[in-house]
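Only one structure is covered here, and it is reproduced in the block below.
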Amino acid sequence: MRIALTTLLLCLIASTQSTAADWLQWRGPNGNNVAASGQRVPTSWSSSQNVVWKTNVPGRGHSSPIIVGDLIVLTTATGQSQSVVAFDRGSGDKKWETPISQGGFPRVHNKNTHASATACSDGKQVYATFNHHDKIEAVALSLAGKVAWKRDVGRFSPRQYQYGYAASPTLYKGKLIISGDADTGAWIKALDTRSGRVDWEQNRPTKLNWASPIVAKVAGQDQLLISGCEMIASYDPASGRPLWNQRCLTMATCGTVVWDNDTVYASGGYPKKQTVAVKADGSRQIRWANGVKCYEQSMLIHDGHIYALDDGGVAYCWHAKSGQEKWRQRLGGPVSASPLLVGDTIYASNERGTTYVYKANSSRYQEVSRNQLGNSSFASPVVVDNRMYLRVASGRQEALYAIGTN
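In terms of our numbering, the sequence shown has 1694 at position 260, counting the first letter as 1, and numbering is strictly consecutive.
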C-alpha cells in the first residue's frame, strides 16, 4: 500500500513539473522557435480534422501559449481586466484564471491587444507582464494560479505613436528580464524571480520600439540581445553591463533576433526596412544587409540558412553567411505571427488564420499544405509532445486548438 501511495504521489508531482521539452517562454526551449527534436505533428488539419481538442479562450490577446508540465498558460484581457489563464494540456479544460489588474488601459494599435506579451516560466512559477496606468507591471504566480508577487517595473507611456505594449519577458538564471522602449523614457531591467526586486537596470535610447529581448549563447558567451532603436544591442544578462551595439535597422522593430555561431540576424521595421547580419564577437561587423522588412514576426535559422516571412506574406530563404537570396515565394498576408520549425518543416500563419506548411529547403520553395482555422491569427504556434497549440479567433471569440493525431 505504501509503495502504491508513493508511486501515485510521484506521478502527481511529475504532472505539474516542467520538463526540458516544455515550451516555457516566447521562442521556446532554445529561444529560436524550433521545436524539440523528434516531434511529429500533422501537416494538415481543419476545424474537424486532426483536432485533439478545442477550448474557448476568454477575452482577447495575441500572446502565444507557454507549456509548463500539464498546463498551457496564456495572458488575456477582458473589458478592463488583464488576466493569466491556464488550461489542462490533456483535455483543454480551464484550470484557473487569475485577474492581475483592473482599468488604466492605454490606447493601442488596431493590430495590438492589452495582452500581447507572452508569459514565461521557470517550472516553479509563471511570470507575466502587462501595460496599464502608464506603467509595466510584472507578476509571479504559482502553478496553481496564486499571486506570489506583483511589481511596478517602470513607466511606459509612448507619446508619438500610442500603439501599446508587446515585448515578452525572458528568463536567465533566476532573473526575469523585461524591456520597455518608448519615446518618453526607455529601459531594460532584470527582476529577481523570488522576490520581484530589481537586480539590475540599464537605460535605453528614448525611442519607440516593441522588440522582445532574448538570451543567446553566441560568439562563445551568453548575450542578452535586442533589436530596434536604430541598432542591435547586446548586454551581459547576469549584470546588465552593455557588451556592444551596432547601428543598423531602424527605430521600431517587433521581432526577436536569431543567431548562429558568432552572428546575429534581425529585421524590421519602421520607418525603414532592413534585414541585417551582424557579428556578435565585439567587432560589430555588418556581414550583409537587404531591404526586406519582417516587422512584427521573427525569423528562423536552420542548416546555415535564414527563413523569413515578410509583412505581406512573401517567404524568403537566404544563405546565412553571405545573405544570398536562394528563393522567394509569395504566399499570403498580412503576417504578424512568427514561423515555427518542426524538424525540417516550417509552419507559418498569417493574420487571416491560414497556416502555410512548407519544407526548410534551401534549394526551392516546397509547399506541403495550407490549413485554415478561424479567420484571425496573431499568436505564434508552439509544439510539445507531438501536439501543436494554436490560438486563433473566429470573429470576436478566441479559441485554443490542440492539433495532433491522438
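For glycine and all other residues, C-beta sits at the position ideal for the given N, C-alpha and C.
Determine which residues share a DSSP beta bridge with residue i and list them.
| i | result |
| --- | --- |
| residue 1828 | 1831 |
| residue 1681 | 1665 |
| residue 1724 | 1709 |
| residue 1546 | DSSP, once it has assigned bridges, lists no residue as partnering residue 1546. |
| residue 1571 | 1564 and 1586 |
| residue 1637 | 1621 |
| residue 1699 | 1692 and 1711 |
| residue 1752 | 1740 and 1759 |
| residue 1670 | None; residue 1670 has no bridge partner. |
| residue 1458 | According to DSSP, residue 1458 bridges with nothing at all. |
| residue 1819 | Answer by DSSP bridge pairing: none, since residue 1819 is not bridged. |
| residue 1704 | 1686 |
The beta strand (DSSP E) spanning residue i covers which residue range?
| i | result |
| --- | --- |
| residue 1799 | From DSSP, residue 1799 is part of no beta strand (DSSP E); its letter is neither H nor E. |
| residue 1781 | 1779–1783 |
| residue 1776 | 1774–1776 |
| residue 1521 | 1515–1522 |
| residue 1614 | 1609–1614 |
| residue 1644 | Looking at the DSSP string, residue 1644 is not in any beta strand (DSSP E), and its letter there is neither H nor E. |
| residue 1535 | 1528–1536 |
| residue 1502 | 1500–1502 |
| residue 1388 | Lying outside 1435 to 1840, the shown extent of the chain, residue 1388 is not represented and no answer is given. |
| residue 1604 | 1604–1606 |
| residue 1490 | 1485–1491 |
| residue 1793 | 1788–1793 |
If residue i sits next to residue j, beta carbons under 8 angstroms apart, how far is it from one beta carbon to the other, in whole angstroms?
| i | j | result |
| --- | --- | --- |
| residue 1499 | residue 1507 | 7 angstroms |
| residue 1729 | residue 1746 | That belief does not hold up - the Cβ atoms of residue 1729 and residue 1746 are roughly 10 angstroms apart, past 8 angstroms. |
| residue 1696 | residue 1715 | 5 angstroms |
| residue 1811 | residue 1832 | Actually they are not in contact, since the Cβ atoms of residue 1811 and residue 1832 sit about 10 angstroms apart, beyond 8 angstroms. |
| residue 1619 | residue 1643 | Going by Cβ atoms, the distance from residue 1619 to residue 1643 rounds to 12 angstroms, so no, they are not a contact pair. |
| residue 1742 | residue 1771 | Between residue 1771 and residue 1742 the Cβ distance is about 13 angstroms, and since that is not below 8 angstroms, they are no contact. |
| residue 1561 | residue 1603 | 6 angstroms |
| residue 1700 | residue 1757 | Not really, about 13 angstroms apart at Cβ, beyond 8 angstroms. |
| residue 1557 | residue 1502 | 6 angstroms |
| residue 1775 | residue 1736 | 6 angstroms |
| residue 1780 | residue 1475 | Between residue 1475 and residue 1780 the Cβ distance is about 12 angstroms, and since that is not below 8 angstroms, they are no contact. |
| residue 1682 | residue 1708 | 7 angstroms |
| residue 1608 | residue 1626 | 7 angstroms |
| residue 1376 | residue 1782 | Past the edges of the chain, shown from 1435 to 1840, lies residue 1376, and the structure says nothing about it. |
| residue 1563 | residue 1528 | No, residue 1563 and residue 1528 are not in contact; Cβ-Cβ is about 22 angstroms, not under 8 angstroms. |
| residue 1684 | residue 1706 | 4 angstroms |
| residue 1818 | residue 1530 | Residue 1818 to residue 1530, Cβ: 20 angstroms. No contact. |
Residue i: buried (16+ other C-beta within 10 angstroms of its C-beta) or exposed?
| i | result |
| --- | --- |
| residue 1834 | buried |
| residue 1841 | Look at the range of the chain in this structure, 1435 to 1840, and you will see that residue 1841 is not part of it. |
| residue 1744 | buried |
| residue 1594 | exposed |
| residue 1839 | exposed |
| residue 1592 | buried |
| residue 1727 | buried |
| residue 1509 | buried |
| residue 1629 | exposed |
| residue 1821 | buried |
| residue 1442 | Interpretation of residue 1442 is limited by its pLDDT of 42, a score under 50 that renders its predicted location unreliable; the figure taken from the coordinates is listed afterwards. With fewer than 16 other Cβ atoms within 10 Å, it is exposed. |
| residue 1647 | buried |
| residue 1749 | buried |
| residue 1622 | buried |
| residue 1585 | buried |
| residue 1516 | buried |
| residue 1497 | buried |
| residue 1565 | buried |
| residue 1571 | buried |
| residue 1478 | exposed |
| residue 1805 | buried |
| residue 1436 | Confidence in residue 1436 is poor, its pLDDT being 44 and thus under 50, which makes the residue's placement unreliable; the coordinate value appears in the next sentence. Under this definition residue 1436 is an exposed residue. |
| residue 1825 | buried |
| residue 1671 | buried |
| residue 1444 | Any answer about residue 1444 is weak, because its pLDDT of 43 lies below 50 and its placement is not dependable; what the coordinates show is given next. It counts as exposed. |
| residue 1559 | buried |
Kindly confirm or deny that the segment 1504–1523 and the segment 1560–1577 touch, where touching means at least three C-beta pairs closer than 8 angstroms. Contact between the segment 1504–1523 and the segment 1560–1577 is present, because at least three Cβ pairs lie under 8 angstroms.
Per the contact definition of three or more C-beta pairs closer than 8 angstroms, is the segment 1652–1659 in contact with the segment 1670–1679? Counting Cβ pairs under 8 angstroms, three or more are found: they touch.
Pair every Cβ in the segment 1526–1544 with every Cβ in the segment 1469–1483, then say whether three or more of these pairs are closer than 8 angstroms.
-> No contact exists between the segment 1526–1544 and the segment 1469–1483.
message: Below 8 angstroms, how does it come out for the segment 1542–1554 and the segment 1579–1590: are there three or more Cβ pairs, yes or no?
response: No, the segment 1542–1554 does not touch the segment 1579–1590.
**Cβ pair count under 8 angstroms reaching 3, the segment 1458–1465 against the segment 1776–1792** = At 8 angstroms Cβ cutoff, the stretches do not touch.
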